[in-house]
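Student: Pasting a structure below so you can have a look.
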Amino acid sequence: MVQVTSGPLAGRFPPTTRYEGASVVDDPRAGTPTSLAPLADADLAVRSAAPRLRASWRRSEQYGLSHDEVAPVFTGSLDTGSLLYECASRVLTDLQATIANEPVSLMVADREGLVLARLGGDPTITASLDRVHLAPGFFYAERNAGTNGLGLSLADRAPSLVRAADHYCTELRGYTCAAAPVLDPVSGDLAGSINLTTWSDSSSDLLLALAQAAAGATSGLMLVRSTGRAVRAAPRGQVVHVVGGHLSRDTGDPCASAAWRAAVTDVGTATAAGRVVAVVGEEGAGKSTLAALARRRLVARQRILHARAPEAADVAAWLELWTPALRDEDACVLVSGLHRLPAWAAGDLAHTLEGVHHTGGRPQPFAFTAPDFAAIPEQLAPLVDTVVEAPPLRHRAEDILPLAHHFAHEERHRTLAFTPRAARSLAGYSWPGNVAQLRRVVREAASRADVVDVQHLAPEVLDGGRRSLTRLETLERDEIVRCLTEPNTTITRAAEDLGIGRATLYRKIAQYDITIPGRSAGPHG
């Protein structure tokens, strides 16, 4: 990525006129200065603005950005084959058709603020946006362009309306920008942003509502394209008590693998030394459980809370709910989902945690969990002293069956048996969803039988799991597995029940890499 200072693109973006001691507020449509606004007045205005805008201006200053000129980074590489680009382009094309006569430019940007596409029928605003580099190929995150609607929506993971003087850079004060984040409908992670930009003197009352609707429609279309399922509401955050994760001191830790035991020891050693620990790892690997187990071995009767970051709209109430517990000497808070926090909330949380940070080797009153260290917001990352990885379940196969028995007991409150076929199926699966997936599969099976056999297991456990299946493929695989796991069935009977020939059934078994322990793959099976 390079700054555009020469070449064919440079001529499209002429430099901004500068005036000593004042900032020029240009009318982008005329291309000439219409007024001079002293920077002191702008600073006064932002001090009276909303807290989110004030925080954004402070971050812009920390990035060392110029008030006078916007100079975003340019890249010639655009991911126009992504699911976000595909779905957002469809949504924005439909939206543009409904507002074809309005001076509004519609854009989609990825999670880094890189503008992927821009639509709009008004040539005047299009040419004006070219002059300030708000165009495909340019990064418009806060650290590149200062306070702006697109950048703020990504930083705070929240719908954002930035009007004329709200912009950090004076070159952008001729516009009003409304933007809303697009969340990945499966993981809940930030995927990008939908941004609508118009002139600053145009009506903006409905602009933010349109941006939110477009972002929601994009997320919904992404869900349909990727899984075939309808839109589901994202889970709201919660604060829950954690007693060793799903493992209590009474039942003990069933995990005996060397990798797991070493990770628990590492967290315990760091905690005992008074270091702030971040447990990282894949989704569902047991990060909070690991941190809680290590903590309880150090302080047996300590109250442990798990604070999971909520939707952006609920963050303020979420912080007020659990942060007082940090001052309780008999409590520890495990904070997860940090990568979903708005920038302002990460800053506020960092300030709060710095105020309760212990020194002198005492255990800290908090710990973090995250997918990896890079996912921890930059405001919170300096607090971390030690990083420990929770090993994925596929790297500790010896823990699978002990955990399965534990989860079955958790579901039925008594010991359940697993047939040898079911045990081999569980032990042989790769568990891409880690311990969380195993817990779900076992609890569903335990709710259906007193002795868990292969037919009680979810069909996903019996295929090779080598690739993601479409909705129709999943339905077909599940029906094949259902017929094949019927007690005392044969290949011939299963093929008859499915209405297909034996040769076709064998091809389907190979296609989905279905393995059912104890069943012969021969022609007379």
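Per the numbering used here, numbering of the sequence shown is gapless, rising by one per residue and ending at 530. Note that beta-carbon positions come from the ideal geometry of N, C-alpha and C, so glycine has one too. In this text, all values refer to a predicted model and were calculated from it rather than measured experimentally.
Would you call the CB atoms of V75 and C174 closer than 8 Å?
Tutor: Going by C-beta atoms, V75 is nearer than 8 Å to C174.
Student: Alpha carbons only, please: which of L510, D258, S293, E491 is nearest the one belonging to F412?
Tutor: Closest option to F412, Cα to Cα, is D258.
Student: Count the other CB atoms within 10 Å of the CB of P33; is the residue buried (16 or more) or exposed (fewer)?
Tutor: Residue confidence is low: P33 scores 42 on pLDDT, short of 50, so the model does not pin down where it sits. No coordinate-derived value is stated.
Student: Measuring only the C-alpha atoms, how far is E117 from S198?
Tutor: Approximately 9 Å, taken between the alpha carbons.
Student: By alpha-carbon positions, which one of T424, S205, P186 ends up nearest to S224?
Tutor: Ranking T424, S205, P186 by Cα distance to S224 puts P186 first.
Student: Enumerate, from N- to C-terminal direction, the unbroken beta strand (DSSP E) stretches of 3 or more residues contained entirely within the stretch 93-163.
Tutor: If we require 3 residues or more, the beta strand (DSSP E) runs fully inside the stretch 93-163 come out as 110-115, 120-124.
Student: Which class does W436 belong to by DSSP, given the choice of helix, strand or coil?
Tutor: Looking at W436 - three-state DSSP - the assignment turns out to be coil, as it is neither helix nor strand.
Student: Sort I519, L97, K292 by Cα distance to A441 and report the nearest one.
Tutor: Among I519, L97, K292, the Cα nearest to that of A441 belongs to K292.
Student: State the DSSP-derived secondary structure class of S65, mapped to helix, strand or coil.
Tutor: Here S65 sits in helix by DSSP.
Student: Evaluate the contact criterion for the stretch 164-172 versus the stretch 141-156: three or more CB pairs, one atom per stretch, below 8 Å.
Tutor: Result yes; three or more Cβ-Cβ pairs closer than 8 Å.
Student: Buried or exposed, going by whether 16 or more other CB atoms sit within 10 Å of the CB of T98?
Tutor: Answer is exposed; the Cβ neighbour count stays below 16.
Student: Less than 6 Å between C-beta atoms, sequence neighbours within five positions excluded: which residues of the same chain meet that for Y511?
Tutor: No residues qualify anywhere along the chain.
Student: Would you say A283 and G366 are within 8 Å of each other, going by their C-beta atoms?
Tutor: Against a cut-off of 8 Å, the Cβ pair of G366 and A283 comes out as no contact.
Student: If we ignore side chains and look at the alpha-carbon of each, how far apart do S53 and V167 end up?
Tutor: Residue placement at S53 cannot be trusted, given a pLDDT of 49 that sits under 50; the coordinates are not used to answer.
Student: Using the C-alpha atoms, what's the distance from Q307 back to T420?
Tutor: Between T420 and Q307, the C-alpha separation is close to 29 Å.
Student: Under the three-state reduction of DSSP, which class applies to A283: helix, strand or coil?
Tutor: It is a strand residue.
Student: Assign A184 to one of two classes, buried (16 or more other C-beta atoms within 10 Å of its C-beta) or exposed (fewer than that).
Tutor: Result: buried.
Student: Just the C-alpha distance for A515 and L295, rounded to the nearest angstrom, thanks.
Tutor: About 38 Å.
Student: Check for me: the beta strand (DSSP E) holding V203 runs from which residue to which?
Tutor: Val is not the amino acid found at residue 203; the sequence shown has Thr there. Unbroken beta strand (DSSP E) run through T203: 195-204.
Student: Tell me whether L166 sits in a helix, a strand or coil according to DSSP, three-state version.
Tutor: Strand at L166.
Student: Which value, in whole angstroms, describes the spacing of the CA atoms of D271 and D518?
Tutor: One C-alpha to the other measures close to 38 Å.
Student: Between T181 and the rest of its own chain, which residues show a CB-CB distance below 6 Å, the 5 nearest in sequence each way excluded?
Tutor: For T181, where only same-chain residues beyond five positions count, the Cβ hits under 6 Å are R168, T203, S205, S209.
Student: In terms of DSSP beta bridges, what is V187 paired with?
Tutor: Bridge partners of V187: G197.
Student: Around the Cβ of F144, are there at least 16 other Cβ atoms within 10 angstroms (buried) or fewer (exposed)?
Tutor: Buried: at least 16 other Cβ atoms inside 10 Å.
Student: Please specify which runs of the beta strand (DSSP E), each continuous and at least 3 residues long, are wholly inside the stretch 279-348, giving them in chain order.
Tutor: Whole beta strand (DSSP E) segments, 3+ residues: 282-285, 308-313, 336-341.
Student: Assess, as a yes-or-no matter, whether the stretch 122-131 is touched by the stretch 55-71 under the definition of 3 or more beta carbon pairs within less than 8 Å.
Tutor: Contact fails: fewer than three Cβ-Cβ distances are below 8 Å.
Student: Are there 16 or more other CB atoms within 10 angstroms of the CB of D161, so buried, or fewer, so exposed?
Tutor: Its Cβ being crowded by 16 or more others within 10 Å, D161 is buried.
Student: Once the 5 residues before and after M112 are set aside, which same chain residues still bring their CB inside 6 Å of it?
Tutor: Within the same chain, M112 has close Cβ partners V120, R123, N200.
Student: Taking the alpha-carbon positions, what's the I485 to L503 distance?
Tutor: One C-alpha to the other measures close to 7 Å.
Student: Would L339 pass as a contact of H311 if the rule is Cβ separation under 8 Å?
Tutor: Cβ atoms of L339 and H311: closer than 8 Å.
Student: Write down the C-beta distance between V466 and L431 rounded to the nearest angstrom, noting that I regard them as a contact closer than 8 Å.
Tutor: At roughly 7 Å, the Cβ-Cβ gap stays under 8 Å, so V466 and L431 are in contact.
Student: Let me know the secondary structure DSSP gives E394 once reduced to three states.
Tutor: The answer is strand: DSSP assigns E394 an E or B state.
Student: Please work out which residues of its chain come closer than 7 Å, Cβ to Cβ, to I381, disregarding the five sequence neighbours upstream and downstream, and give them in chain order.
Tutor: For I381, where only same-chain residues beyond five positions count, the Cβ hits under 7 Å are A283, L343, F373, A375, V389.
Student: Between which residues of its own chain and Q217 is the CB-CB distance below 6 Å, once the five residues before and five after are set aside?
Tutor: Closer than 6 Å at the Cβ level, and outside the excluded window around Q217, lie P164, A185.
Student: If you follow the beta strand (DSSP E) that Q261 is in, where does it begin and where does it stop?
Tutor: Note that residue 261 is Ala in the sequence shown here, rather than Gln. Counting along the chain, A261 falls outside any beta strand (DSSP E), and DSSP gives it neither H nor E.
Student: From the DSSP output, read off the bridge partner residues of A422.
Tutor: Paired residue(s): V456.
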